[in-house]
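Undergrad: Structure below; questions to follow.
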Amino acid sequence: MTMRDAALEAPSSDRNRNPGEDGIWIFVGGDLSIFALFFVVFLYYRGLDLELFNQSREALSIPLGLLNTLILLTSSWFLASAIEDMREGHFERAPKLLVGSIVLGLGFVLVKYFEYSEKISNGITLVTNDFYMYYYILTGIHLFHLIIGLGVLLFLLKKSRDLSAWGRNSATLFESGAIYWHMVDLLWIFIFPLLYLLR
Amino acid sequence: MVDIGRANPKVLSGLWWCGVVSIITFFLALWPMMGFIPPPAPTLTPQEFYNLIFDNVLMFRAGVIVVMISAALLLPITALMTYFIARMERGHTPMLALTSFSAGIINALLTLLPAVVWAAIAYREDRDVMDMQLMNDIMWLCYMMYWQPFVIQIVAMGVTTLKARTPETQIFPRWYGYYVLWTAVAVCGGGLSVFFLDGPFAWNGLVGWWLVVVMFALYWIVSFVVWRKAINREALELGSG
Amino acid sequence: MSTIIKRHVTLVWFSLVLLTFVAWFTADTVTITDVDTKRWATVAILVLAYFKVRLVIQHFMEAKHAQLPLRVLMEIWPLATLILMLTLYLLPLFT
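Residue numbers (my numbering), protein chains in the order written: chain A, 760 to 958; chain B, 25 to 265; chain C, 891 to 985.
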């Protein structure tokens, strides 16, 4: 029995199952709902003080935000490619792609570090005004999720290297971990325009 | 082969009831007894806070006693959770169960201990209002910021649930493991309250209070149902085995 | 290498990157101080974000291949979020 046989049929060909495990969708659905709440709260308070929010926004670095968007998109792509690889039975390349995802994720953290430290050295902190409160908290909570995601990716990397235990359960767990990381990616896709580009 | 062996389902059931009573009385004590749902705004003046307490002081003092009882009843439920985790770790020394257990004790202590500060607040009518404000700050920051042991306690349970792959160790449905981990992540946000006196992230805010307390209450409701099912199944297995 | 390029997820990634740059250029052109242009540009940017989010959900998370209830929920979330965002963005501008 080859690895290929032990692996799961992709959801695209096996319509009798959902990608990942049911539980991960509870997690992701719940977290997405909470973030939607954050977005609503942010936009509501923004509506009460448009001038402050618009003006404060100008201190944000759009190029860095853009860079972070591209970093996460590419990181998700690597991860999705790794899963495709494993489904096709190419288990050699997958770990490398996962390392790529992790490195990109670390890159995101690095960019955020520069962004934050630049602002803080200019005296812009969490309590400077309402806009920056939302900026730090939204991006901070996202960063928290991302760091957890790096742990998940490391776990997936370890799994992709140890094929002796690979089977049906591993494949669904893998998909679940990937779904979490894609959630981190898609949250930033909304956060970036919300904070950096809205006028 | 390390197997902690089965517990008496009647005892498990008793522990479960302690947990249910704990949570119900906790919320009953906070409101309607103490009027603390939602928590008093950090922006209240010391005099306003004084009035809040002493307009209703007998009920408030009684509420404190109830909070303390409910906090102590977290200990039996910690034991129940520890048992489940140890069963899921069957075959190994139950280290995650021990981790959860130690975190659970601390969590119960941190819920119990600060309540006496509330008792002190309501103790003397001629107390300086500034002192009362300080003591209340300590209390609420305790409750909002001490999420760490609770998170460790439930993460240990969530992780163990997901690691369980054999029929003997799968005593909880797998989605419960994910659900618990989500709760842990969502509850971590309580720590932000130290930065804010008002707004959505303060200890009485939409996110700082309401989101956290909803996630917290939901966790207990879902967990009690899942744990009850597991206890009933144990009783069935022991009855027929 | 060629297997990666020909893949579906690669096409999705490329579309996402493209849409990201489109959004950026749209944002950049809004240095025009014309208020109406700013608003339309912002609306466009949010709608573009919705499509990007949807691409990630459908193709990376593979919700496209999920069973109906999940598929429906994962269509509702981005759409509801977009509608809420657009409403809350536009409302204060007209009151």
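Glycine is no exception: its CB is placed at the ideal position from the N, C-alpha and C atoms.
Since this is a predicted model, take the numbers as computed values, not measurements.
Helix, strand or coil: which one does DSSP assign to Pro-173(B)?
TA: helix
Undergrad: Say whether the stretch 107–114 of chain B touches the stretch 132–151 of chain B, bearing in mind that this needs 3 or more beta-carbon pairs closer than 8 Å, one atom from each stretch.
TA: no
Undergrad: Taking 8 Å as the cut-off, decide whether the C-beta atoms of Val-231(B) and Gly-215(B) are in contact.
TA: no
Undergrad: In angstroms with no decimal places, state the Cα-to-Cα distance between Met-83(B) and Ile-783(A).
TA: 44 Å
Undergrad: Is there a Cβ of chain A sitting closer than 8 Å to that of Trp-967(C), yes or no?
TA: yes
Undergrad: What residue range does the alpha helix (DSSP H) around Val-231(B) cover?
TA: Segment: none, Val-231(B) is in no alpha helix (DSSP H) and carries neither H nor E.
Undergrad: In chain A, which residues lie with their C-beta within 8 Å of the C-beta of Tyr-147(B)?
TA: Those within 8 Å of Tyr-147(B) in chain A number zero; the least Cβ separation is about 34 Å.
Undergrad: For the alpha helix (DSSP H) holding Asp-926(C), just list the boundary residues, first then last.
TA: 925–945
Undergrad: Please return the same chain residues whose Cβ sits closer than 6 Å to the Cβ of Ile-178(B), not counting the five positions on each side in sequence.
TA: Excluding its 5 nearest sequence neighbours in each direction, Ile-178(B) has C-beta neighbours in its own chain below 6 Å: Val-204 and Ala-208, listed in chain order.
Undergrad: I'd like the list of long-range same chain contacts for Tyr-803(A), defined as Cβ closer than 7 Å, with 5 residues on each side in sequence excluded.
TA: none
Undergrad: At which residues does the alpha helix (DSSP H) containing His-949(C) begin and terminate?
TA: Per DSSP, His-949(C) belongs to no alpha helix (DSSP H) and is neither H nor E.
Undergrad: Apart from the five residues on each side of it in sequence, which residues of its chain come closer than 7 Å, Cβ to Cβ, to Ile-938(A)?
TA: Pro-778, Gly-779, Ile-783 and Val-787
Undergrad: For Asn-928(A), would you say it is in contact with chain B, using Cβ-to-Cβ distances shorter than 8 Å as the test?
TA: yes
Undergrad: Is Tyr-895(A) close to chain C, meaning its C-beta is less than 8 Å from at least one C-beta of that chain?
TA: Not an interface residue.
Undergrad: Please state if the CB of Val-141(B) and the CB of Met-323(B) are separated by a distance shorter than 8 Å.
TA: Since the first residue shown for chain B is 25 and the last is 265, residue 323(B) is missing from the structure and cannot be characterised.
Undergrad: Any idea if Asn-160(B) is buried or exposed, counting beta-carbon neighbours within 10 angstroms, 16 or more meaning buried?
TA: buried
Undergrad: Is the Cβ of Leu-908(C) closer than 8 Å to any Cβ of chain A?
TA: Leu-908(C) does not count as touching chain A.
Undergrad: Assuming the contact rule is C-beta atoms closer than 8 Å, Ala-939(C) and Ala-917(C) should be a hit. Round their C-beta distance to whole Å, please.
TA: Not confirmed; about 11 Å, so no contact.
Undergrad: Which one of Ser-860(A), Ser-771(A) and Asn-813(A) has the shortest CA to CA distance from Arg-846(A)?
TA: Comparing Cα-Cα distances from Arg-846(A) to each of Ser-860(A), Ser-771(A) and Asn-813(A), the minimum goes to Ser-771(A).
Undergrad: Verify the CB distance criterion: does Leu-958(C) have a CB-CB separation below 8 Å to chain A?
TA: Interface annotation, Leu-958(C): not in contact with chain A, CB-CB separation never under 8 Å.
Undergrad: Select from Thr-919(C), His-949(C), Lys-928(C) and Asp-924(C) the residue whose C-alpha is nearest the C-alpha of Leu-906(C).
TA: His-949(C)
Undergrad: With 8 Å set as the bound, which would you pick, yes or no: does the beta-carbon of Trp-930(C) sit closer than that to a beta-carbon of chain A?
TA: no
Undergrad: Under a three-way DSSP split, which group does Phe-225(B) fall into?
TA: coil
Undergrad: Can you tell me whether Pro-191(B) is buried or exposed, with buried defined as 16 or more other CB within 10 angstroms of its CB?
TA: exposed
Undergrad: I need the straight-line Cα distance from Lys-954(C) to Ala-95(B), nearest angstrom please.
TA: 46 Å
Undergrad: Which value, in whole angstroms, describes the spacing of the CA atoms of Gln-172(B) and Ile-129(B)?
TA: 12 Å
Undergrad: Would Val-858(A) count as contacting chain C if we go by Cβ distances under 8 Å?
TA: no
Undergrad: Report all residues from its chain with a CB closer than 7 Å to the CB of Ile-145(B); omit the five preceding and five following residues, and keep chain order.
TA: Short of 7 Å from the beta carbon of Ile-145(B), and not among the five residues preceding or following it, lie these beta carbons of its own chain, in chain order: Ile-77, Met-156, Met-159 and Asn-160.
Undergrad: What in chain B is Cβ-close to Gly-910(A), meaning under 7 Å?
TA: Contact annotation for Gly-910(A) against chain B: no contact, minimum CB-CB distance about 11 Å [criterion: below 7 Å].
Undergrad: Kindly indicate if chain C contains any beta-carbon less than 8 Å away from that of Arg-958(A).
TA: yes
Undergrad: Can you name the start and end residues of the alpha helix (DSSP H) that His-904(A) belongs to?
TA: 889–920
Undergrad: From Pro-100(B) to Val-218(B), what distance separates their C-alpha atoms?
TA: 31 Å
Undergrad: State whether the stretch 835–842 of chain A contacts the stretch 897–905 of chain A, with contact taken as three or more CB pairs (one from each stretch) at a distance under 8 Å.
TA: no
Undergrad: Please state whether DSSP places Pro-982(C) in a helix, a strand or coil.
TA: helix
Undergrad: Taking Cβ-Cβ distances shorter than 9 Å, what residues in chain C pair up with Val-799(A)?
TA: Close to Val-799(A), with beta-carbon spacing below 9 Å, are these residues of chain C in chain order: Thr-971, Leu-974, Met-975 and Leu-978.
Undergrad: Report yes or no: is there a C-beta of chain C within less than 8 Å of the C-beta of Asn-777(A)?
TA: Yes - at least one Cβ of chain C is within 8 Å of the one on Asn-777(A).
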